[in-house]
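Top to bottom, those sequences are chains A and B. Residue numbering for the first sequence follows the working numbering, starting at 287 and increasing by one per position. Residue numbering for the second sequence follows the working numbering, starting at 23 and increasing by one per position. For each residue, glycine too, the CB sits at the ideal point set by N, CA and C. Note that the coordinates shown come from a computational prediction; the quantities given were computed from them, not determined experimentally.
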Amino acid sequence: MEPTVDQYVPSDYLPILIQFAAALGFVIFALVLTHLLGPKRSSPVKDAAWESGIESVGDARTPISYKYFMTAILFVLFDVEIIFLYPWAVNFKSFGVEGFLQMLVFMGLLLAGFFYVIKKGILKWE
Amino acid sequence: MSENTDIKLVEAPEGVSGAGFFATSFEKVIGLARKHSLWPLPFATSCCGIEFMATMGSHYDISRFGSERPSFSPRQADILLVMGTIAKKMGPVVKQVYEQMSEPRWVVAVGACACSGGIFDTYSVLQGIDRVVPVDVYVPGCPPRPEQILDGLMRVQDLAENESLRRRNSPEYQALLASYNIK
């Protein structure tokens, strides 16, 4: 009989580790093999940075505006909040009033953060 | 359900086939794969470039032939399509673009100006790009119709299908590149 969920021992999860090792091994094998077997042609012109056929000038490292980072990081935070909301949305009836209040506290904290973001004007694009 | 006879499948190369397997030589398979996925670098300069835009459009679709991704960077391009008049000032640029492509690479000179300077036999026009890069296919015309450009692409497909995998080590290829002073 298959053991129920309560009776799984840690060694039951060994196949996952083996599969991960096999995938990693294949990736390393493919990378190393193509690096060793692949034909290469290297010359100063060919390895130069591409700038539409003319000589490349300067460095590509310029400071990037921080608004891109802010937008992305706020998206990640609120996206994780939405992920937490999904299981609650499925089961909220069985949680009762207590669960509802806990969820209110959770969302209230995040809403306070959102209020701070708006007041600070971080989401202004220009 | 009507029989759809418009779709033409590529026929398999000759090889040994059996229940559930098919064995053939590397060159044939790689040639087949390369032939049907040539990614162009459109080096479009003048009127021939506009004909190429028509060729890329949906009427004379070039992505039917596998050229689904034209890019303006040589790093991932297979064919360099030089379309238009190349001035002598532009010659080193074309050469740099060709040198920065990885092998296997082919060059198509589209139009009279890229083949031989066209009607511009003057002090500033390069009389044919084969003065700076080795050219594989010449497509004449001023400008050539999209069907002719597609015919040029199909000739490159023939070259790609039959190209030996060891070509880059062959003495003729090395001599060819050396004659253009390309390392």
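Rounded to whole angstroms, what's the CA-CA distance from residue i to residue j? Just pull it up for me.
{"i": "B/Met23", "j": "B/His81", "result": "Only weak support exists for where B/Met23 lies, its pLDDT of 49 falling under 50; the value from the coordinates is given anyway. One C-alpha to the other measures close to 27 Å."}
{"i": "B/Ile108", "j": "A/Val403", "result": "55 Å"}
{"i": "A/Glu412", "j": "A/Gly399", "result": "21 Å"}
{"i": "B/Glu125", "j": "A/Arg327", "result": "8 Å"}
{"i": "A/Leu310", "j": "A/Met389", "result": "40 Å"}
{"i": "B/Asn26", "j": "B/Ile84", "result": "22 Å"}
{"i": "B/Gly79", "j": "B/Val51", "result": "29 Å"}
{"i": "A/Asn377", "j": "A/Ile368", "result": "15 Å"}
{"i": "A/Asp292", "j": "A/Leu317", "result": "41 Å"}
{"i": "B/Gly69", "j": "B/Gly106", "result": "In the sequence on display, residue 69 of chain B carries Cys and not Gly. Looking at the two C-alpha atoms, the distance is approximately 6 Å."}
{"i": "A/Met393", "j": "A/Lys405", "result": "18 Å"}
{"i": "B/Ser59", "j": "A/Val362", "result": "38 Å"}
{"i": "B/Ser39", "j": "A/Leu323", "result": "28 Å"}
{"i": "B/Ile72", "j": "A/Phe315", "result": "46 Å"}
{"i": "A/Gly344", "j": "A/Trp336", "result": "12 Å"}
{"i": "B/Thr67", "j": "A/Ser338", "result": "13 Å"}
{"i": "B/Gly139", "j": "A/Thr348", "result": "41 Å"}
{"i": "A/Ile304", "j": "A/Pro296", "result": "14 Å"}
{"i": "B/Tyr160", "j": "B/Gly174", "result": "7 Å"}
{"i": "A/Ala358", "j": "A/Pro373", "result": "24 Å"}
{"i": "A/Phe370", "j": "A/Val391", "result": "13 Å"}
{"i": "B/Asn191", "j": "B/Ser201", "result": "16 Å"}
{"i": "B/Ser146", "j": "A/Glu341", "result": "21 Å"}
{"i": "B/Phe94", "j": "A/Phe364", "result": "38 Å"}
{"i": "A/Gly382", "j": "A/Ala375", "result": "12 Å"}
{"i": "B/Glu49", "j": "B/Val32", "result": "16 Å"}
{"i": "A/Gly385", "j": "A/Tyr294", "result": "30 Å"}
{"i": "A/His321", "j": "A/Ala346", "result": "27 Å"}
{"i": "A/Phe306", "j": "B/Ala55", "result": "31 Å"}
{"i": "A/Leu387", "j": "A/Leu300", "result": "40 Å"}
{"i": "A/Asp298", "j": "A/Leu396", "result": "39 Å"}
{"i": "B/Ile141", "j": "B/Lys110", "result": "15 Å"}
{"i": "B/Glu90", "j": "A/Leu360", "result": "36 Å"}
{"i": "A/Lys410", "j": "A/Phe401", "result": "14 Å"}
{"i": "B/Pro35", "j": "B/Asp143", "result": "46 Å"}
{"i": "A/Ala334", "j": "A/Val313", "result": "29 Å"}
{"i": "A/Val366", "j": "B/Met176", "result": "51 Å"}
Hey, would you say residue i sits closer than 7 Å to residue j, going by beta carbons?
{"i": "B/Lys57", "j": "B/Glu183", "result": "yes"}
{"i": "B/Ala99", "j": "B/Met75", "result": "no"}
{"i": "B/Pro22", "j": "B/Val119", "result": "Residue 22 of chain B lies beyond the stretch modelled for chain B, which goes from 23 to 205, so this question has no answer here."}
{"i": "B/Val157", "j": "B/Ala134", "result": "no"}
{"i": "A/Lys332", "j": "B/Glu185", "result": "no"}
{"i": "B/Ile101", "j": "B/Val178", "result": "yes"}
{"i": "B/Gly37", "j": "B/Phe44", "result": "yes"}
{"i": "B/Pro168", "j": "B/Thr77", "result": "yes"}
{"i": "B/Lys205", "j": "A/Ser329", "result": "yes"}
{"i": "B/Arg188", "j": "B/Tyr195", "result": "no"}
{"i": "A/Ile302", "j": "A/Met356", "result": "no"}
Show which residues of chain D have a CB atom less than 8 Å away from the CB atom of residue i.
{"i": "B/Arg190", "result": "No chain D appears in this structure, whose protein chains are A and B."}
Assuming residue i contacts residue j under a Cβ cut-off of 8 Å, what Cβ separation, rounded to an integer in Å, is found between them?
{"i": "B/Ala113", "j": "B/Leu148", "result": "Correcting the residue type first, residue 113 of chain B is Gly in the shown sequence and not Ala. Indeed they touch by this definition, with Cβ atoms about 5 Å apart."}
{"i": "B/Pro162", "j": "B/Cys137", "result": "6 Å"}
{"i": "B/Val116", "j": "B/Ile151", "result": "6 Å"}
{"i": "B/Leu172", "j": "B/Phe65", "result": "Actually they are not in contact, since the Cβ atoms of B/Leu172 and B/Phe65 sit about 17 Å apart, beyond 8 Å."}
{"i": "B/Trp128", "j": "B/Leu181", "result": "6 Å"}
**Report entry** Residues of the segment 339–372 of chain A whose Cβ lies closer than 8 Å to any Cβ of chain B, in chain order
**Finding:** Residues Gly339 and Ile340.
Query raised in the report: In chain order, what residues of the segment 87–119 of chain B put their CB closer than 9 Å to some CB of chain A?
Result: Cβ contacts with chain A come from Phe94, Ser95, Pro96, Arg97, Met112, Pro114, Val115, Val116, Lys117, Gln118 and Val119.
Query raised in the report: Listed from N- to C-terminal order along the chain, which residues in the segment 174–185 of chain B have their beta-carbon within a distance smaller than 8 Å of any beta-carbon of chain A?
Result: none
Query raised in the report: What are the start and end residues of each continuous alpha helix (DSSP H) run of 4 or more residues lying completely inside the segment 72–159 of chain B, in chain order?
Result: 113–121 and 134–138
Report task. Give, in chain order, every unbroken run of the alpha helix (DSSP H) that is at least 4 residues long and sits entirely within the segment 153–192 of chain B. Result -> Counting whole runs of 4 or more residues, the segment 153–192 of chain B contains the alpha helix (DSSP H) stretches 168–184.
Requested in this report: Scan the segment 121–137 of chain B for residues whose Cβ lies nearer than 8 Å to a Cβ of chain A and list them as they occur along the chain.
Outcome: Glu121, Gln122, Ser124 and Glu125
Query - Contact set between the segment 35–65 of chain B and chain A, restricted to residues whose Cβ is under 8 Å from the partner - result: none
Requested in this report: Starting from the N-terminal side, write out each stretch of the beta strand (DSSP E) that is 3 residues or longer and does not extend beyond the segment 333–364 of chain A.
Outcome: Fully enclosed beta strand (DSSP E) runs of 3 or longer: not present.
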